[in-house]
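Asks:
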Amino acid sequence: MSSKLQNKLREVRTGSNPMTQQQLADLVGVSRQTIISIESGRYSPSLELAIKISEALDYDLKQIFWLEKN
Amino acid sequence: MNKDQLSSSVQLIAIPISIAVFFYLMWGEFSKPVSEYEFVWPILWAVVSSVITAIVASIVLSIIFADQLKNSVKDERDKRIHSLGEYYTMGFYVLGGVLALAFAMLQLDYFWIALAVFISGALANLTGSLAKLFMYRFGIFE
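Going line by line, the protein sequences match chains A and B. Using my numbering, you'd call the opening residue of the first sequence number 47 and step up by one each time. Using my numbering, you'd call the opening residue of the second sequence number 2 and step up by one each time.
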């Protein structure tokens, strides 16, 4: 059974405490293009980056990222 | 655009020029028997043209995309794309090496061995660069 990492990063990032893609990228030490790729589902971040993103947005990891089984 | 995208774009310009230079200079040779082909200078000129084109294209693209390059950060996605691109590059290098070895074992003319190494090297860089630019645009495929 295969699975794919899904996320609702855009929703969380633009939610109650909005942040631009560039601000989030600077906080977690990646390029804005990487944030764009994650939000559009074209790139699955490493566990380390996923944790950094969830900490930067002050959310629980599983509220932003989850595995969808096919 | 980051440095890896710039480098890949430069390769996409330089390699076709290099191949074109090689075949242009070889054109007159194809009427001769293979054993009489003068292929050393065409290959050397192809390499020189590739290097010169790469330098010029790098300078031009660096000027055009100066702001983006200055602010670019190399992160885990860039490293992943780079290593996957190199994987495709390596595949063609191995293929060229195996072909050259097979041609040598079959005692074919030197031209075929040189052609196998030259073309596989060019295709290796071309494929790797295309794969990287494709992954930057459409996402990582493994």
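We put the CB at the ideal spot given by N, CA and C, even for glycine. Given the structure is predicted, the values throughout are model-derived calculations rather than measurements.
(1) Between the alpha carbons of Gly129/B and Ser62/A, how many angstroms are there, rounded?
(2) Starting from the Cα of Leu103/A, find the closest Cα among Lys54/A, Arg88/A, Ser49/A and give me that residue.
(3) Comparing the C-beta of Leu95/A with each C-beta of chain B, is any distance below 8 Å?
(4) With 8 Å as the threshold, decide whether the Cβ of Ser5/B is near any Cβ in chain A.
(5) If you draw a straight line from the C-alpha of Gly122/B to the C-alpha of Arg138/B, how long is it?
(6) Let me know if Lys133/B comes out buried or exposed under the rule of 16 or more other beta-carbons within 10 Å of its beta-carbon.
(7) Compute the Euclidean distance between the alpha carbons of Val99/B and Ala117/B, then round it to the nearest angstrom.
(8) So with CB distances below 7 Å, who are the chain A contacts of Gly140/B?
(9) Should Thr66/A be flagged as near chain B, meaning a C-beta pair shorter than 8 Å?
(10) Taking C-alpha atoms, which residue in Lys115/A, Tyr105/A, Glu114/A, Ser90/A lies nearest to Pro172/A?
(11) Taking the straight line between their C-alpha atoms, what separation do you get for Leu70/A and Phe119/B?
(12) Extract the residue ranges of the alpha helix (DSSP H) inside the segment 30 to 99 of chain B, only unbroken runs of 4 or more that lie entirely within it.
(13) With a threshold of 7 Å, establish whether the CB of Gln69/A neighbours any heavy atom of the ligand HEM.
(14) Taking just the CA atoms, how far does Val35/B sit from Ile82/B?
(15) Just to confirm, is the Cβ distance from Leu85/B to Val11/B under 8 Å?
(16) Is Gly75/A close to chain B? Criterion is C-beta to C-beta, closer than 8 Å.
(17) Using the beta-carbon of each residue, which ones in chain B are nearer than 8 Å to Ser49/A?
(18) Against Val74/B, what residues of chain A qualify as contacts under a CB-to-CB distance less than 8 Å, listed in chain order?
(19) Going straight from the alpha carbon of Gly87/A to that of Gln52/A, what length do you get?
(20) Which one of Pro91/A, Leu95/A, Glu94/A, Ile110/A has the shortest CA to CA distance from Arg59/A?
(21) Which residues of chain A have a Cβ atom closer than 9 Å to the Cβ of Glu87/B, listed in chain order?
Replies: Taking the structure as given:
(1) 42 Å
(2) Lys54/A
(3) yes
(4) The sequence as given places Asp at residue 5/B; Ser does not occur at that position. False, the Cβ-Cβ gap to chain A never drops below 8 Å.
(5) 24 Å
(6) buried
(7) 9 Å
(8) Ser83, Arg88, Tyr89
(9) no
(10) In this structure chain A extends from 47 to 116, so residue 172/A is not present and cannot be described.
(11) 45 Å
(12) 41 to 65, 67 to 71
(13) Ligands in the displayed structure: none, and consequently the ligand HEM is not present.
(14) 41 Å
(15) no
(16) yes
(17) Ordered by position in chain B, no residue passes the 8 Å Cβ test against Ser49/A, which lies about 15 Å from the chain.
(18) Ala71, Gly75, Val76, Ser77
(19) 7 Å
(20) Ile110/A
(21) Within 9 Å Cβ-Cβ: nothing; Glu87/B doesn't reach chain A, min ~18 Å.
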